[in-house]
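One structure is given below, encoded as structure tokens.
4 protein chains.
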Amino acid sequence: MTEVTAKAAKTNRQAGRTASKEVRRRQLIEATIESISKFGISGTTMTTVTGFAGLSMGIVNFHFKNKETLYEETLRYLANEHRAQWRKAMKAADPTPQDQLVAIADAQFHPSIYSRKKLAVWFAFYGEAAYRASYRKIMSEMDEERWLTVCDLCRQIIEQGKYPNTKPGDVASTLEGLFDGFCLNILLYPDGFSRKDARSRIREYLATCFPNHIQHPAQKACQG
Amino acid sequence: MTEVTAKAAKTNRQAGRTASKEVRRRQLIEATIESISKFGISGTTMTTVTGFAGLSMGIVNFHFKNKETLYEETLRYLANEHRAQWRKAMKAADPTPQDQLVAIADAQFHPSIYSRKKLAVWFAFYGEAAYRASYRKIMSEMDEERWLTVCDLCRQIIEQGKYPNTKPGDVASTLEGLFDGFCLNILLYPDGFSRKDARSRIREYLATCFPNHIQHPAQKACQG
Amino acid sequence: MTEVTAKAAKTNRQAGRTASKEVRRRQLIEATIESISKFGISGTTMTTVTGFAGLSMGIVNFHFKNKETLYEETLRYLANEHRAQWRKAMKAADPTPQDQLVAIADAQFHPSIYSRKKLAVWFAFYGEAAYRASYRKIMSEMDEERWLTVCDLCRQIIEQGKYPNTKPGDVASTLEGLFDGFCLNILLYPDGFSRKDARSRIREYLATCFPNHIQHPAQKACQG
Amino acid sequence: MTEVTAKAAKTNRQAGRTASKEVRRRQLIEATIESISKFGISGTTMTTVTGFAGLSMGIVNFHFKNKETLYEETLRYLANEHRAQWRKAMKAADPTPQDQLVAIADAQFHPSIYSRKKLAVWFAFYGEAAYRASYRKIMSEMDEERWLTVCDLCRQIIEQGKYPNTKPGDVASTLEGLFDGFCLNILLYPDGFSRKDARSRIREYLATCFPNHIQHPAQKACQG
DNA sequence: AATGAATGAGACTTCATTCAT
DNA sequence: CATGAATGAAGTCTCATTCAT
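Chains as they are written, first to last, in the working numbering: chain G, 115 to 338; chain X, 115 to 338; chain L, 115 to 338; chain U, 115 to 338.
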């Protein structure tokens with residue numbers, strides 16, 4: 115830690131004493147992410163967090179009520195960042211439901227929000243979520259919005275095409291499962307399962323569900 | 115905890131001083147599962163564990179080198195139990211690859227191994243796995259065996275039927291993702307996503323992949 | 115201990131929160147000496163040490179890596195103090211080798227460094243030294259320097275006088291033995307063997323070795 | 115310890131269940147010496163002791179009131195062994211006071227009682243003696259008897275020869291100091307100071323005190 | 001605002017002693 | 001007599017939080 119702290123200090127100290135309240139909070143939240151990804155929740159202390167932030171121990175209790183609050187804010191920060199990412203991707207895509215659906219799916223594995231570092235933090239929080247309602251609440255808000263959006267896009271596709279046996283909610287649920295499940299596999303087996311694999315498997319799944327709208331990635335490659 | 119301890123004591127004390135070494139170890143491992151599911155890893159202490167076991171504090175270090183070892187043995191216990199479950203289900207099923215595949219998939223959500231209690235423990239361990247190689251090793255041994263088995267069954271189905279564009283490894287990876295992802299959803303949203311939902315979604319997925327071999331659950335219901 | 119703590123607290127608390135790091139370390143080292151002399155090494159705990167220092171339990175691990183390090187620093191503190199004492203005595207004495215030799219010998223039993231309290235601590239450390247290399251290293255550095263100094267003084271005396279059969283190293287070794295052995299006797303039999311006895315016996319030994327340079331204490335007394 | 119235990123077990127287990135009470139006590143005392151010499155007093159536990167003895171944990175409390183008593187008996191055992199050794203050496207020597215004095219002095223460093231192993235144990239006990247009266251009592255009984263014997267022999271030599279300025283008690287005290295001090299040096303600096311050195315230095319001292327009775331070791335070597 | 005020494009509760013672990021077998 | 005699992009007090013060490021500066 116000492117070396118890490120020293121390095122971080124040099125980088126962050128420039129913020130100096132004049133940093134605004136909001137900047138400090140963000141600085142501490144990012145240091146928390148850094149620390150949890152390196153040492154896990156059980157190895158993260160006020161010292162490791164402030165070490166990464168290049169600040170002194172006592173400062174956390176000035177900007178956050180306590181450690182628990184810092185964690186909740188960190189989770190909220192990650193959730194907001196995640197939501198912003200797929201919303202942005204959706205807006206940037208063609209306005210057809212199939213393109214927007216693929217855009218959302220791809221966004222789940224965008225490096226800027228799902229680096230291995232952040233994945234570790236997400237699963238650290240999932241590990242605590244079972245018995246911490248405040249975490250579940252933050253997660254569910256994010257998940258629900260995405261589920262509803264995906265549901266709506268599926269509904270549009272189903273209405274357009276001829277998929278009488280396909281229910282929007284079922285596809286959306288399977289997609290949710292794949293998003294989370296693939297993240298875990300990326301985290302656990304970085305050499306065996308990659309972000310690219312995840313995207314391909316999901317595109318395949320969507321192509322099988324909606325063959326008239328979404329191309330199978332292999333065939334697409336052949337044509338391209 | 116005191117109340118918990120008192121209750122557990124009454125139940126477990128009968129084991130008395132005569133329990134064999136193996137029985138004690140198992141008793142402590144099951145108490146660890148109990149404790150992690152209730153308080154999480156960060157809230158689990160030697161006191162909560164021995165409290166659930168109805169034994170005295172010092173006993174853990176007599177049967178396990180230290181807390182870390184107790185955790186590893188607990189994870190191994192869960193992994194073995196899980197493996198035994200799907201192997202048993204596979205053997206009990208018809209010897210066709212499609213039936214065995216469905217049996218394995220269903221077994222992933224069998225209540226005896228994936229109660230909400232145990233799910234919480236699994237994700238507690240996933241949360242620490244990112245920076246603890248010993249956990250990853252135990253998990254990967256289990257996962258790899260399942261993946262290879264699923265791969266082989268998919269290969270058999272593909273050879274029999276006419277699925278020229280389907281690769282066994284891709285289906286197996288998607289299934290792995292669904293197994294884990296649905297577990298997380300069951301854990302986080304017990305009221306929104308059930309074990310039954312998970313099984314249905316997976317059966318649907320398999321029916322879409324191998325329409326000549328595996329029936330869509332909805333159609334099946336219509337027929338039945 | 116509680117009474118001890120209470121008393122010490124009143125005395126030491128004045129240091130308050132403002133004491134410098136170096137002052138705190140010294141305060142803790144002196145409390146360690148106090149505690150070892152009273153309760154021995156096996157009876158000394160973080161609680162007894164901080165009790166004597168009038169500080170709270172957690173502070174030791176803030177200023178020292180761990181208990182073992184605190185002990186090493188304590189031994190080093192004693193060794194430095196001891197070395198400073200005989201060096202000072204040597205400088206204060208007449209610059210003849212015989213006077214310097216006697217000054218060093220007398221300094222070994224100077225009350226400020228070899229109080230019964232400190233003797234107890236020294237022998238506590240000797241007791242552990244057999245299987246703790248770090249202690250032996252600290253002790254040997256101190257002993258070797260003294261041995262070399264004594265050797266050199268003996269050599270000068272031997273060259274001046276006519277002691278053809280006397281080797282400097284032999285006298286120095288015997289003196290080392292007497293220094294340590296008399297200390298043990300003072301420690302074990304405070305009523306039977308005193309600091310004054312030790313000095314007399316050593317002066318006698320030196321007088322027998324170097325009769326032309328150093329007077330026998332009894333004769334000296336007669337003349338005086 | 116496990117290896118040690120295993121080895122010791124093979125050797126000692128032959129004593130079996132039929133060993134007499136006295137044999138068991140001795141077996142445990144010797145295991146205590148073994149353990150203290152290897153791990154020090156602070157590293158010696160009931161487990162290490164019974165491990166070296168090849169017996170089970172619970173047995174110590176059957177043969178000794180508690181650990182403290184075991185230690186006292188161990189010290190007494192060493193003291194008796196030591197006393198027996200120099201008494202035997204004295205009886206075996208020529209009946210002249212000078213030969214008996216030399217015999218006693220040599221016996222102090224006899225390998226059978228002052229192996230490095232036992233020295234470590236002696237100093238472990240010295241380290242605790244300062245605040246444990248029961249240890250001091252056992253030690254003082256042994257020391258006093260030796261001091262009185264040495265005193266008496268010195269008195270005889272002084273009466274025979276012409277050493278008007280030499281007092282028996284002074285020589286005896288110096289010898290006591292040398293015995294203990296050299297032991298410490300052998301313990302701390304096994305490569306720098308040997309048993310042979312100790313004997314030579316003491317013989318030199320005696321030769322300087324009683325030149326008409328005891329020969330200087332160097333001169334003796336020349337003649338021989 | 002910020003610092004970081006200090007606090008003290010509580011975690012893990014050790015180990016002398018007990019006791020059912 | 002002997003065993004060794006079990007107990008639980010006590011030890012070392014950690015760390016969230018406080019507070020004088």
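Note that the Cβ used here is the ideal one computed from N, Cα and C, for glycine as well. Being a predicted model, the structure only gives us computed values, none of them experimental.
Query: Quick one: Cα of L:P282 to Cα of L:Q329, how far?; Result: 19 Å
Query: Would you check if there are 3 or more beta carbon pairs closer than 8 Å linking the region 268-277 of chain U to the region 182-200 of chain L?; Result: no
Query: Does DSSP classify U:L169 as helix, strand or coil?; Result: coil
Query: Between which two residues does the alpha helix (DSSP H) containing X:N299 stretch?; Result: 282-302
Query: Roughly how many angstroms lie between the CA atoms of X:A321 and G:Y249, to the nearest whole one?; Result: 35 Å
Query: What residue range is occupied by the uninterrupted alpha helix (DSSP H) comprising L:T322?; Result: 309-323
Query: Taking 8 Å as the threshold (beta carbon to beta carbon), is X:H224 in contact with chain G?; Result: no
Query: Return no unless some Cβ of chain L is closer than 8 Å to the Cβ of U:R144.; Result: Checking the sequence shown, residue 144 of chain U turns out to be Glu, not Arg. For U:E144, the answer is no, since every Cβ of chain L falls outside 8 Å of its Cβ.
Query: How should L:D208 be labelled, buried or exposed, when 16 other C-beta atoms within 10 angstroms of its C-beta is the threshold for buried?; Result: exposed
Query: With burial defined as no fewer than 16 other Cβ atoms inside 10 Å of the residue's Cβ, what is the status of G:A198: buried or exposed?; Result: exposed
Query: Taking only three categories from DSSP, how would you classify X:R139?; Result: helix
Query: Can you give the beta carbon distance from U:R339 to U:H177, rounded, assuming they're within the 8 Å contact cut?; Result: Lying outside 115 to 338, the shown extent of chain U, residue 339 of chain U is not represented and no answer is given.
Query: Compute the Euclidean distance between the alpha carbons of X:N326 and X:T210, then round it to the nearest angstrom.; Result: 13 Å
Query: When the Cα of U:H216 is compared with those of U:V264, U:T164, U:W236, U:G291, which residue comes out closest?; Result: At residue 216 of chain U the sequence reads Val, which differs from the His that was named. The residue with the shortest Cα to Cα distance from U:V216 is U:V264.
Query: Under 8 Å Cβ to Cβ from U:K232, same chain only, skipping five residues before and after it: list those, please.; Result: I147, S151, L192
Query: Thinking C-alpha only, which one of L:A243, L:R201, L:R313 is nearest L:E259?; Result: L:R201
Query: Which of the three DSSP states is assigned to X:S156 in this structure?; Result: coil
Query: If I'm right that X:R315 touches X:F296 with Cβ under 8 Å, what's the distance once you round it to whole angstroms?; Result: 7 Å
Query: In whole angstroms, what is the alpha-carbon distance linking L:A234 and U:R246?; Result: 11 Å
Query: Within the region 224-276 of chain L, note down every full beta strand (DSSP E) run reaching 3 residues or more, in order along the chain.; Result: none
Query: Between X:D213, X:K179, X:Y228, which lies nearest to X:P304 when the distance is taken from Cα to Cα?; Result: X:Y228
Query: Per DSSP, what kind of secondary structure is U:T183 in: helix, strand or coil?; Result: helix
Query: Which of the three DSSP states is assigned to X:I328 in this structure?; Result: coil
Query: Just checking: is the beta-carbon of U:C323 within a distance shorter than 8 Å of some beta-carbon in chain L?; Result: yes
Query: Between which residues of its own chain and G:T188 is the CB-CB distance below 7 Å, once the five residues before and five after are set aside?; Result: I143, T146, I147
Query: If the cut is a Cβ gap below 7 Å, which residues of chain U does L:Y152 touch?; Result: At residue 152 of chain L the sequence reads Lys, which differs from the Tyr that was named. By Cβ distance, chain U contributes Y245.
Query: Taking the straight line between their C-alpha atoms, what separation do you get for G:Q222 and L:T159?; Result: 54 Å
Query: Skipping 5 residues on each side, what residues in its chain have a beta carbon closer than 6 Å to that of X:S149?; Result: T158, T162, V163, F166
Query: Between which residues of its own chain and L:I252 is the CB-CB distance below 8 Å, once the five residues before and five after are set aside?; Result: E186, L189, R190, A193
Query: In chain L, what lies closer than 7 Å to U:L250 by C-beta?; Result: A small fix is needed here, since residue 250 of chain U is Arg in this sequence, not Leu. Going along chain L in sequence order, the residues near U:R250 (Cβ under 7 Å) are L302.
Query: Short of 6 Å in beta carbon distance, which residues of its chain neighbour U:H196, apart from the five on each side in sequence? Order them along the chain.; Result: I227
Query: How would you call U:N299, buried or exposed, if buried means at least 16 neighbouring beta carbons within 10 angstroms?; Result: buried
Query: For L:Y319, tell me which candidate among L:A219, L:W261, L:L301 has the shortest Cα-Cα distance.; Result: L:A219
Query: Give the range of the alpha helix (DSSP H) segment to which G:N175 is assigned.; Result: 174-177
Query: On the premise that X:G241 lies in contact with G:E136, defined as a C-beta separation below 8 Å, what is that separation, rounded to the nearest angstrom?; Result: 29 Å between Cβ atoms; not a contact.
Query: Can you find the residues in the same chain that come closer than 6 Å, C-beta to C-beta, to L:M204, ignoring five residues on each side of it along the sequence?; Result: Q214, A217, I218
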